[in-house]
Amino acid sequence: MQYELRYQVIEAKRQSYQNVIDRFGDQPATRYQEATLDVEPRENFHYRPTWAQDRELYDPRYSALRLTDPYTYADPRGFFYTPYVTNRAGLHDEFGKTLSYLEDRELLVTLPEAWRSVLGSVVIPLRHYESGCQLVSVTGARFAHGTSLAQCCTFAAFDRIGNAQMLSRVGIAVAGGVGDVLTTAKQEWLDGAHLQPLRRLVEEIMVADDWAEGLLAIDHVDSLLFPAMYSGLDEKALLGGAGAYSLVAQYLTTWFADQRRWLDALVAAWRGDPEHGPSNTEHLDRIAATWRPRAEEAVGALSAVVADRLDGVAA
Amino acid sequence: MTSTLRQVGIDIQDAEENRPLVDAIRADNPELTIRHLPGLLKLQAAGRIVVNRETVEAQLGREWDTGEFQLAIVSYAGNFSEWDDDQIIVSWEH
Amino acid sequence: MTQAKPRAKKLPLKERYALLTRDLDWEPSYVEREKLFPYTSYEGIKIHDWDGWQDPFRLTVDAYYKYQAEKDKRLYAVLDGFAQSQGHLGLADASYLNAIKLFIQGVTPLEYAAHRHFAYLARYLEGPAPRFAALCQSIDELRHCQTQIHTISNYNKYYGGFHSWSKMHDRVWYLSVPKSLFDDAMSAGPFEFLISISFSFEYLLTNLLFVPFMSGASFNGDMPTMSFGFSAQSDESRHMTLGLEAIKFLLEQDEGNVPIIQAWIDKWFWRAYRMSALVAAMMDYMLPKPVMSWKEAFELYFEDQMLGGLFPDLEYYGIRPPRHVEDAIAEKDHLSHQVYKILHNFSFAAAFTTQTPGVEHSAWLSEQYPGTFDELYKPVWDKHARTEAAGGRIFFQGLPQLCQVCQIPMVFTEPDDPTSTSFRTSSFRSETFHTCSDGCKWIFDREPEKFVQAWLPVHQIYQGNCGGPSVPEVLDWYGIQEGDNGEYKGSPDQRSWAEWHSGAPKQGS
Amino acid sequence: MAVKALYDYEFPSADRAENFGDDQLVYVHWDGNPLFCSAACFRVPKAMPFGEFVAGVVAPWAGSDPDFDAAAVAGWRLFDEPLQPADDASLADLGIGHKALLHFSA
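Chains as they are written, first to last, in our numbering: chain A, 1 to 315; chain B, 316 to 409; chain C, 410 to 918; chain D, 919 to 1024.
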């Protein structure tokens, strides 16, 4: 039987698209590879952009950070569209269930006063920060050179609006189903002294000319902000009667761990590039020197407020 | 030509799971014409087509979110003049 | 699905949506607004209130993920099942795949271009609501590009012509038609891009281009293409809505926008219509089992729905139907025949094959085009058939003259005389530029500084930029492999198909 | 009207005459023959005599129509103007410049 079945299977003439075969030989390719490699146009652009002088429609010169071959970089998560939305559908579904649970039992409405205050004036306003991060990431979705990089930026941009919506939904839940907390949180974002270093910083990053510099500047903020505001408050929340906050904050922590995976790999690829590695390293160091102190200042201002409000609440 | 006479249309993928939806649209839009193309049902009516959540739920026998309409629709002609929790309306506006 | 237990307080969809999207925005005070949004003034469009933008779909991120994951689950189940059951053997005929070759070479890269440039809108439009709509479209377009790659991946394993679609889009002559259209749109400012792609392409023409084509896929046994097509179209409904909302919003914002928008509609209708000529050829000549003629699709999807439905609606804003639309209507009896003639003349230099329509196919074309086919086009096909019966095959032994704007070989005839080729010329900086029609000439004369840059494949070959002076060198540079090109009859695809369907005994042999 | 751009939007033509050196592009259209989808485009020396152009460039192309008869070629036009070419006159002498369009019938 088996022999006959094999006989009827038609032999493939090639296992994958030619560009994939050229790279890896004629063997079965992954869907990630076929969906990613060499998809971005490379040459023979017809007209010059009216909005950028001395640039082509796709051009490595939109950033100082370069890869000799952008397809030596691969998203370690293997995300193309389908696994990305499938993964995030799961994350947001879980978040939605958690939030419903907390809402049904009014566990966010009844948070201790100090925690309500932390959420209203520090955490919920970060939805605007996320929204700013979305603008920064989506710049990479347009201007990154190579599909392997650009699609990571696209997913990150969509993630940030997702984060902003998660925070907004927490804000609505804290207010018992209405928008009041979001209104006051926005006022804090605009006027609260503790949030101004962060807002100034994100506004300045939003106008960065180099998409990769913007992305990395945001990452300097993220890598301080996420530990400080989400995972870092976990123990205090659990001990301080704010388990509900811990339950929702875990989704942002999960997201941030995921974000690290592709971004750390990309930074490593930039540093290790055979041709551009040394110049990339120089730029990366300059970016860190420029933005890291600003990030520390901005996140420090928030941490100080959190510590102040929660002082004495948790052990 | 007056706005109420111009045809609007909704194209829906011809699949088993979309039948209750099509039945609901037919029930709420008596003037509806349906044309079969391979893989596709072309719904047309003069002026407007309305999709009511309650009618769809009655046909489906389960709760139905108007957002789920996006899983069925292939295309349309007209304007989504309403899309809320209870109703979707396709019409021309002027 | 809605909550089983209604809550005491639940924000209405509209309000909740506003809080979750446009309320995220804030007025910057540490940087200048012009620095944050540097591209929204140079086109002359005036926006007084970005909050005037309406969001009909009100799709939040969690709902987006949920629905899209569900759609893709269904789609990839079809793809996997089709591959496992060797479903390609159930196609109407292997020649059908020529349409799909043209699709992956010509259309899939456009999905990708749209993906990248909607990201530009998602960054640079000033209103948070249109930015979010553009972001959704950007990621949707990535989906379309990738689902097409995956759908067609299975065919690529068994048939020629699919293998180098990305490189070909950058290089091959007929693919400069779609590529130059998107390059034109992307190199314009954000508002022109919005009108060109979201309105003129997505709203005006996408139905005409895709819906009959997907029905054709269904009719010819190509379930995967039908599935990705219809699945993508469900996203397209959102994109059409973006296009329609964009145009209404821009028209409502300022009287001064109306003439600018009108000129863009005039330009982009013609530009997109010209590109759609490739689809016309596909529908009438490349489907072994045709489902609907170009003419019928044009009447149903364009004349009835757009000219009859949409444009009376836009008249309210002072918008009239696109300039040169009468020429498009006059061409509906000719377009597919003329364009397929190009493909048939030049398939020796293409990554697909062509064939002269057979008796049954000709009869169908006569029926669909009673006024024109027998008189004007059938005699030429008969001449090809006679040559082929004698063992020959007529190709065009040279390179064609191309239109400077649409880049299609200059095949089109005068709107009032289908026996006379339409030649238009313009002079700019003492150089002559040729266009195929009043529509393309009007577009050239409006922006000559742009169109003189066109990377015209024929001229590039003659400048020595395409691998070498001889046909084999150019084909090699294109990435065309032995047997991808030329005549279908006797091609590797046709021979494999015949062998696979020869009914050789399988058991006990 | 000019292209609207954020800077002075001026680029050289991709196919300007200087890119072709002593050669130029010439288009040839066989009037009333629907077998060929369009006019053909050739790169030829400006100094090429017209007779050589017809015999060595146009005829091999037109010959892919089995009914082509080189002796029957007539009715030359340069754009819309009638042209009476002498076989030994060069393309340049005849005023056939870069990207000129020639018609003939046969």
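Backbone N, C-alpha and C fix where the C-beta goes; we use that ideal spot for every residue, glycine too.
Neighbour list for residue i in chain D, Cβ cutoff strictly below 7 Å
i                     : result
residue 452 (chain C) : 922
Residues that residue i contacts on chain A, provided the C-beta gap is smaller than 9 Å
i                     : result
residue 634 (chain C) : Near residue 634 (chain C) there are no residues of chain A at all, since even the closest Cβ is about 16 Å away, more than 9 Å.
residue 521 (chain C) : 39, 40, 41 and 147
Cβ-Cβ separation, residue j to residue i (assumed contact under 8 Å), whole Å
i                     : j                      : result
residue 852 (chain C) : residue 680 (chain C)  : 7 Å
residue 337 (chain B) : residue 392 (chain B)  : Incorrect: roughly 17 Å between the Cβ atoms, too far for contact.
residue 969 (chain D) : residue 1005 (chain D) : 3 Å
residue 201 (chain A) : residue 295 (chain A)  : 7 Å
residue 500 (chain C) : residue 630 (chain C)  : 5 Å
residue 388 (chain B) : residue 327 (chain B)  : 6 Å
Residues of its chain near residue i, where Cβ-Cβ distance is below 6 Å and the 5 sequence neighbours each way are ignored
i                     : result
residue 726 (chain C) : 660
residue 335 (chain B) : 374 and 375
residue 897 (chain C) : 504, 762, 764 and 903
residue 653 (chain C) : 612
residue 869 (chain C) : 875
Three-state secondary structure assigned by DSSP to residue i
i                     : result
residue 835 (chain C) : strand
residue 403 (chain B) : strand
residue 2 (chain A)   : Any answer about residue 2 (chain A) is weak, because its pLDDT of 41 lies below 50 and its placement is not dependable; what the coordinates show is given next. The answer is helix: DSSP assigns residue 2 (chain A) an H, G or I state.
residue 830 (chain C) : strand
residue 948 (chain D) : strand
residue 934 (chain D) : coil
residue 366 (chain B) : strand
residue 762 (chain C) : coil
residue 104 (chain A) : helix
residue 555 (chain C) : helix
residue 359 (chain B) : strand
residue 204 (chain A) : helix
residue 471 (chain C) : helix
Contacting residues, own chain, Cβ-Cβ under 7 Å from residue i (five flanking each side not counted)
i                     : result
residue 887 (chain C) : 577, 580 and 581
residue 575 (chain C) : 518
residue 979 (chain D) : 958
residue 571 (chain C) : 510, 513, 561, 564 and 565
residue 65 (chain A)  : 212, 270, 280 and 283
Partners in chain D for residue i, counting only beta-carbon separations shorter than 9 Å
i                     : result
residue 598 (chain C) : 922, 923 and 924
Beta-carbon proximity list for residue i, same chain, < 8 Å, skipping 5 on both sides
i                     : result
residue 94 (chain A)  : 251
residue 552 (chain C) : 477, 481, 641 and 644
residue 748 (chain C) : 686, 687, 689, 690, 817 and 820
residue 567 (chain C) : 497 and 905
residue 114 (chain A) : 240, 309, 310 and 313
residue 939 (chain D) : none
residue 987 (chain D) : 1024
residue 602 (chain C) : 526, 529, 530, 594 and 595
Neighbour list for residue i in chain C, Cβ cutoff strictly below 9 Å
i                     : result
residue 126 (chain A) : Simply none; closest approach about 11 Å.
residue 323 (chain B) : 714 and 718
Chain B contact residues for residue i, given Cβ-Cβ distances below 7 Å
i                     : result
residue 423 (chain C) : 399
Per-residue contacts from residue i into chain A (C-beta, under 7 Å)
i                     : result
residue 945 (chain D) : Within chain A, no residue comes near residue 945 (chain D); the closest Cβ sits about 21 Å away, beyond 7 Å.
residue 929 (chain D) : 48
Proximal chain A residues relative to residue i, where beta-carbon distance stays under 8 Å
i                     : result
residue 968 (chain D) : Correct list: empty, because the minimum Cβ distance to chain A is about 34 Å.
Within chain C, the residues that residue i reaches when beta carbons sit closer than 8 Å
i                     : result
residue 258 (chain A) : Per Cβ cutoff of 8 Å: no residues; residue 258 (chain A) is ~14 Å from chain C at best.
residue 186 (chain A) : 432 and 435
Residue i CB to nearest heavy atom of the ligand FAD below 7 Å
i                     : result
residue 468 (chain C) : You won't find the ligand FAD in this model; it holds no ligand whatsoever.
Contacts of residue i in chain D (Cβ-Cβ under 8 Å)
i                     : result
residue 55 (chain A)  : Per Cβ cutoff of 8 Å: no residues; residue 55 (chain A) is ~11 Å from chain D at best.
residue 864 (chain C) : 932
Original post:
Below 8 Å, can you find three or more Cβ-Cβ pairs linking the segment 501-521 of chain C to the segment 686-694 of chain C?
Top reply: yes
Original post:
Does the count of Cβ pairs from the segment 929-940 of chain D and the segment 794-807 of chain C closer than 8 Å reach three?
Top reply: no
**OP:** Taking 8 Å as the threshold, find out whether the segment 543-555 of chain C comes into contact with the segment 577-588 of chain C through three or more Cβ pairs.
**Re:** no
Subject >> Segment contact, 8 Å Cβ cut-off, at least three pairs: the segment 823-836 of chain C with the segment 885-901 of chain C >> reply: no
Original post:
Does the segment 958-973 of chain D touch the segment 939-949 of chain D, meaning 3 or more C-beta pairs lie closer than 8 Å?
Top reply: yes
**OP:** Specify whether the segment 123-134 of chain A and the segment 493-510 of chain C touch according to this definition: at least 3 beta carbon pairs, one from each stretch, less than 8 Å apart.
**Re:** no
Original post:
Do the segment 647-664 of chain C and the segment 696-705 of chain C make contact, defined as three or more Cβ pairs closer than 8 Å?
Top reply: no
Original post:
With a cut-off of 8 Å, do at least 3 Cβ pairs link the segment 609-618 of chain C to the segment 59-77 of chain A?
Top reply: no
**OP:** Pair every Cβ in the segment 590-597 of chain C with every Cβ in the segment 661-668 of chain C, then say whether three or more of these pairs are closer than 8 Å.
**Re:** no
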